[in-house]
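Colleague: If you scroll down you'll find the structure; I have some questions about it.
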Amino acid sequence: MGMRRKTLARKVTVNGLGLHTGEWVNVFLHPAQEGEGIVFYVRDGRRVVHIPALTPFVADTRRRVVLAKDGVSVQTVEHLLAACFGIGITDLVVEVKGAELPIGDGSAQLWVDAFKEASIVPLNEPAPIFSPAKTVTVQDGNALITVAPNDRFTATVTFVTDHPLVGVQTATFDEETDDFVTAIAPARTFGFWEEVEALLTQGLAKGGSLENALVVFPDRYSSPLRFPDELARHKLLDLMGDLTLLGRRWKARVTARASGHSLHHRLCQTLWHQVAQEEKG
Ligand SMILES: [Zn+2]
């Protein structure tokens, strides 16, 4: 018996600062109709644009994931989507008053807390599954992702840096044996001190602070680590969020090395076309 579709039992409100815009945002999470999927309802003046959380609506993957439709966009959706992936929410209306989701403490904790507050209810239909028949690989320089057939979702992420404090970190998640809420959701967004200035020049990270990101200085971290391998765990969180954009539950073994949002998106684009072909027969 496969997993059923799930949504929230009731509406819940989440407020906070956008990491990149630096603006205060109000988000209302609503129960969705069965089969609606995860959809952002973004207000633009007097109209509300419905942007599905699906691969074809990805507009930008530099440092964060931006979804857009009909000239309206919403950014930094990946941690909310990771929480949906980890907890199994397939149908959700995300009403956003602002251009970016709140960052919270930089992890997926605020979304996990909101889902708990709202309660999760199973729907009738089985959740749609992505289950690859053969191995798929995407690569960009030394970044590499492999997706292999498996009876459940597992992921291994290797984060590679020559930073002396961090080195090479590997994090693993197995949906059968690991608990997303305690092992992955609390891992925070991070940035290297040298990058911060560049981000500000690009108009990003305007809302960034030591309260919502872990900053890696040459010789220390800005606050105590939540896990020795917190950086790799956050990379895994980002990966899970990005894989959600395929619009399915994953039954696959995913192995990623030195990857980020852009390569995750390229993987989903490749798979999106395969899945569409298969459904056509
Ligand atoms: Zn992230």
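Just so you know, we're using my numbering here: the sequence shown kicks off at 464 and counts up by one.
Idealized CB from N, CA, C, for every residue including glycine.
All values reported here derive from a predicted model rather than from experimental measurement.
Does the beta-carbon of Thr664 have 16 or more other beta-carbons within 10 angstroms, so that it is buried, or is it exposed?
Modeller: Counted from its first residue, the sequence shown places residue 664 at position 201. Answer is exposed; the Cβ neighbour count stays below 16.
Colleague: Can you list, in chain order, the residues of its chain whose CB lies under 6 Å from that of Val511, leaving out five sequence neighbours each side?
Modeller: Numbered from its first residue, the sequence shown carries residue 511 at position 48. Result list for Val511: Tyr504, in chain order.
Colleague: What does the alpha-carbon distance come out to for the pair Pro681 and Leu688?
Modeller: Position 218 of the sequence shown, counting from 1, holds the residue named residue 681. Position 225 of the sequence shown, counting from 1, holds the residue named residue 688. Approximately 15 Å, taken between the alpha carbons.
Colleague: Would you tell me roughly how many angstroms separate the C-alpha atoms of Leu586 and Ala531, rounded to the nearest one?
Modeller: As a first step, residue 586 must be located in the sequence shown, where it is residue number 123. As a first step, residue 531 must be located in the sequence shown, where it is residue number 68. Cα to Cα, the separation comes out at about 28 Å.
Colleague: At a threshold of 7 Å, does His626 count as lining ligand 1 (C-beta to nearest heavy atom)?
Modeller: Residue 626 sits at position 163 when you count from the first residue of the sequence shown. Checking every heavy atom of ligand 1 against the Cβ of His626, none is found closer than 7 Å.
Colleague: Restricting to Cα atoms, I'd like to know which of Phe548, Leu480, Thr553 is closest to Asn489.
Modeller: By 1-based counting over the sequence shown, the position of residue 489 is 26. The candidate whose alpha carbon is nearest that of Asn489 is Leu480.
Colleague: Our contact map puts His728 next to Asp705 with C-beta atoms below 8 Å; I'd like the distance itself, whole angstroms only.
Modeller: Within the sequence shown, the letter at position 265 stands for residue 728. Within the sequence shown, the letter at position 242 stands for residue 705. Right, the Cβ-Cβ distance comes to about 6 Å (below 8 Å), so this counts as a contact.
Colleague: On the three-pair Cβ rule with 8 Å, is the region 596-606 touching the region 467-487?
Modeller: Because the criterion of three Cβ pairs below 8 Å is not met, the region 596-606 and the region 467-487 do not touch.
Colleague: Assign Pro703 to buried or exposed, taking buried as 16 or more other Cβ atoms, counted over all protein chains shown, within 10 Å of its Cβ.
Modeller: As a position in the sequence shown, residue 703 is number 240, starting the count at 1. Per the sequence shown, the amino acid found at residue 703 is Met instead of Pro. Buried, because 16 or more other Cβ atoms sit within 10 Å of the Cβ of Met703.
Colleague: Within 10 angstroms of the Cβ of Ala668, are there 16 or more other Cβ atoms? Answer buried if so, exposed if not.
Modeller: In the sequence shown, residue 668 corresponds to position 205, counting from 1. Label assigned to Ala668: buried.
Colleague: If you count every other CB in all the chains shown that lies within 10 Å of the CB of Lys698, and 16 or more means buried, which is it?
Modeller: Sequence index remark: in the sequence shown, residue 698 carries index 235 (1-based). The residue is buried, with at least 16 neighbouring Cβ atoms inside 10 Å.
Colleague: Say yes only if the C-beta of Glu541 is nearer than 7 Å to one or more non-hydrogen atoms of ligand 1, and no if none qualify.
Modeller: Residue numbering aside, residue 541 sits at position 78 when the sequence shown is read from its first letter. Result yes, Cβ under 7 Å from ligand 1.
Colleague: With burial defined as no fewer than 16 other Cβ atoms inside 10 Å of the residue's Cβ, what is the status of Pro494: buried or exposed?
Modeller: For the purposes of this step, residue 494 is identified with residue 31 of the sequence shown, where counting begins at 1. Pro494 comes out buried.
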